[in-house]
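Below is one structure, written out as structure tokens; the observations come after it.
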Amino acid sequence: MPPPRFTGGGSFSFRGRSNLSVAITREDFDRSKCFAGIARGIAGALLFALPMFMTMEMWELGFYMDRSRLFLLLIVNIPLLVILSDRIGFERTSTWRQAIRDASIAYGLGVLGSALILFAMGVLKYDQSLHEIIGMIAIQAIPASIGAMLGRSQLGGQSDDGDDAKEGDSDDPVHERETSYAGELFLMAVGALFLNLNVAPTEEMILLSYKMTPWHALLMIAASLAVMHGFVYALSFKGSHDLAEGMPSWHAFVRFTLPGYVIAGLISAYCLWTFHRTDDIGSTQILMAVVVLGFPGAIGAAAARLIL
Amino acid sequence: MTRIFNDKNVEAGEPHWIEWATGVVSAVIVLGVIAWIGKDALVDRDSSPNLVGVVLQTEKRGGGFQVLFEIRNDSSATASQVTVQGEIREQGSVLENVETVLDYVPGHSKARGGLIFQQDPAGKTLTVRASSFDEP
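If you read the protein sequences in the order shown, they are chains A and B. Note that our numbering has the first sequence beginning at 1, numbered continuously upward. Note that our numbering has the second sequence beginning at 309, numbered continuously upward.
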């Protein structure tokens, strides 16, 4: 506001003050909302990524992992966070610009949170080489940033969704709440990736695949499909899916559960490759490891359809 | 969360053909995986690993002569804690013996490692072989 207004009569200065005070409160409000959002992000990163911060294999991967695979993972994470932010960001009216902003905040929180926690736990020390330190922080930042993003949406901001849900009651629920087919598959991919990142670095995944006979693997495929279908359609969890009138249940099995399982399998294969679990390994053994990792992946994919 | 709201999702009754196409492709992939693993379940069942050592290359490094090797497992059974013995012999007598342990050599796969000798294996007999293993 130009200075002459403030030096004018009493009413002007009063108006000036009142505007100023409003401005201050609005700024304070935004700031507290912003801090709350960041705090939620950190809480989410902790909640979702702490198991990985405390996994020995994740630390080791930080320094021996092939840098081109790490780079690819870091790059892939960017569109993932942006789309995730657009899909589940807690402001319904979010634009792509806001989605990119939120994604970069989440990524930043992921990097910062990883660095702080790894130093706080003594995993990282100052005398380590920069190569190791950056590698460890970078790999932990992936799950932490997804956690930060999920934390912002799942741990808060529900009041915004409430209005939408109310509108959804009166409107056609198929169009109001239902996402596009691609959106549904994307959510499954995120859910699978998240659970896979938790367990893929551990040695147990490949050890299990070595211990299992092919018969165990076949059983595991059947179990994964059954659990995945059951989670979403049969167990009546909150957010579970119903079929349209007169639609046989195998329709949903073919259209959603099978593609979901294939996505979980592809994500598993990608995670195993990224973490060097497929190097020099025969194709059957890789397939078995994918089936093993596909089990948590399938559960993650199903859970994502319920939760997100 | 205690707030209750109606967020039942209903799958569309008349889906786009893309959904069916994706479903069919996925079914083919899943059946393919099942067939692949099923084939191994029926025909390819070895009870013990078959480990063969191969020397890949020898390099002069700061710590000595570094021999990179590969242990191949031609059986479908996986070996773990595979001890690898490397020996340099000259005219029947062992000049140097070095060993290492590989975590896993999975079935129909290979695992790599390195042995570091003090003497140059050039012109002498160099053997790398697996000497023991565990079941995973």
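Beta carbons are placed, not taken as given, at the ideal position from N, Cα and C, and that holds for glycine.
Within the 8 Å Cβ cut-off, does B/Val363 reach chain A? no
Strictly under 8 Å for the Cβ-Cβ distance: is B/Trp328 near chain A by that measure? yes
If we define contact as Cβ-Cβ less than 8 Å, is A/Gly282 a contact residue for chain B? yes
Any residues in the region 415-429 of chain B with a beta carbon nearer than 9 Å to a beta carbon of chain A? Which ones, in chain order? Gly415, His416, Ser417, Lys418, Ala419 and Arg420
Helix, strand or coil at B/Lys451 [DSSP, three-state]: The displayed coordinates of chain B run from 309 to 444. Any statement about residue 451 of chain B would go beyond what the structure contains.
List, in order along the chain, the chain B residues whose C-beta lies closer than 8 Å to that of A/Arg255? Those within 8 Å of A/Arg255 in chain B are Glu319, Pro323, Glu327, Trp328, Thr330 and Gly331.
Assign A/Gln285 to one of two classes, buried (16 or more other C-beta atoms within 10 Å of its C-beta) or exposed (fewer than that). A/Gln285 should be labelled buried.
Go to A/Ile263, then tell me how far its alpha helix (DSSP H) extends in each direction, as first and last residue. Leu258 to Thr274
Would the beta-carbon of B/Gly361 fall within 8 Å of that of B/Ile379? yes
Would A/Ala217 count as contacting chain B if we go by Cβ distances under 8 Å? yes
Strictly by DSSP, which residues pair up with A/Ile139? Answer is none; A/Ile139 lacks a bridge partner.
Let me see if you follow: with CB-CB separation under 8 Å, is A/Pro173 close to chain B or not? The pLDDT assigned to A/Pro173 is 37, lower than 50, so where the model puts this residue is not dependable; a value taken from the coordinates is nonetheless given after this. It does: the Cβ of A/Pro173 has a partner Cβ on chain B nearer than 8 Å.
CB contact below 8 Å: A/Val82 versus chain B: no
Residues near A/Asp161 by beta carbon distance below 6 Å, same chain, minus five either side: Unreliable positioning characterises A/Asp161 in this predicted model, as indicated by a pLDDT of 41, which lies under 50. The coordinate reading is nonetheless provided below. Same-chain partners within the cutoff: there are none.
Residue environment, A/Phe71, which counts as buried when at least 16 other CB atoms sit within 10 Å: exposed
Please state the DSSP three-state secondary structure of A/Tyr64. In this structure, A/Tyr64 counts as helix in the three-state DSSP scheme.
Output yes if chain B places a C-beta closer than 8 Å to the C-beta of A/Ala200; else output no. no
Tell me which residue opens and which closes the alpha helix (DSSP H) that A/Phe194 is part of. Tyr181 to Val199
Compare the C-beta of A/Ser129 against all C-beta atoms of chain B and say whether one is closer than 8 Å. no
Any C-beta of chain A sitting closer than 8 Å to the C-beta of B/Ser334? yes
On the DSSP letters alone, give me the boundaries of the alpha helix (DSSP H) that A/Ala234 sits inside. Taken as a continuous stretch (DSSP letters only), A/Ala234 belongs to no alpha helix (DSSP H), as it is neither H nor E.
Can you pull the chain A residues whose beta carbon is under 7 Å from the beta carbon of B/Thr264, in chain order? Since the displayed chain B opens at 309 and closes at 444, residue 264 of chain B lies outside it and no answer follows.
Please confirm whether A/His241 has its beta-carbon closer than 8 Å to some beta-carbon of chain B. yes
Output, in chain order, the set of chain A residues within a Cβ distance shorter than 8 Å of B/Val402. Within 8 Å Cβ-Cβ: nothing; B/Val402 doesn't reach chain A, min ~29 Å.
From B/Pro444, B/Glu398 and B/Val413, residue whose alpha carbon lies closest to that of B/Gln427: B/Glu398
Given a cut-off of 8 Å on the beta-carbon distance, is the pair A/Leu112 and A/Asn196 in contact? Going by C-beta atoms, A/Leu112 is not nearer than 8 Å to A/Asn196.
Exposed unless 16 or more other CB atoms sit within 10 angstroms - verdict on A/Asp169: Because A/Asp169 carries a pLDDT of 39, less than 50, the predicted location of this residue cannot be relied on, and the following value inherits that uncertainty. By the neighbour-count rule (16 or more Cβ atoms within 10 Å), A/Asp169 is not buried but exposed.
Distance, A/Phe119 Cα to A/Lys125 Cα: 6 Å
Hey, A/Ala244 and B/Glu319 are a contact pair by Cβ (cut 8 Å); roughly how many whole angstroms apart? 6 Å
To which residues of the same chain is B/Arg369 closer than 8 Å at the C-beta, ignoring the five residues directly before and after it? Here the set comprises Ile424.
For the region 371-420 of chain B, list the alpha helix (DSSP H) runs that are entirely contained and at least 4 residues long, ordered along the chain. none
Pop quiz: B/Thr255 and B/Gly421 are said to be a contact at Cβ under 8 Å. What is the actual Cβ separation, rounded to whole angstroms? No answer is possible for residue 255 of chain B: the residues shown for chain B start at 309 and end at 444.
Counting contacts by CB-CB distance shorter than 8 Å, is B/Ile345 in contact with chain A? yes
Identify, in the order they occur along the chain, each residue of the same chain with its Cβ nearer than 6 Å to the Cβ of A/Val290, setting aside the five sequence neighbours on each side. Taken in chain order, the residues that qualify are Gly265, Ser268 and Ala269.
Chain-ordered chain B contacts of A/Gln285 [CB-CB under 8 Å]: Thr386, Pro414, Gly415, His416 and Ser417
According to the neighbour-count rule (16 or more other Cβ atoms, all chains shown, within 10 Å of its Cβ), is A/Tyr210 buried or exposed? buried
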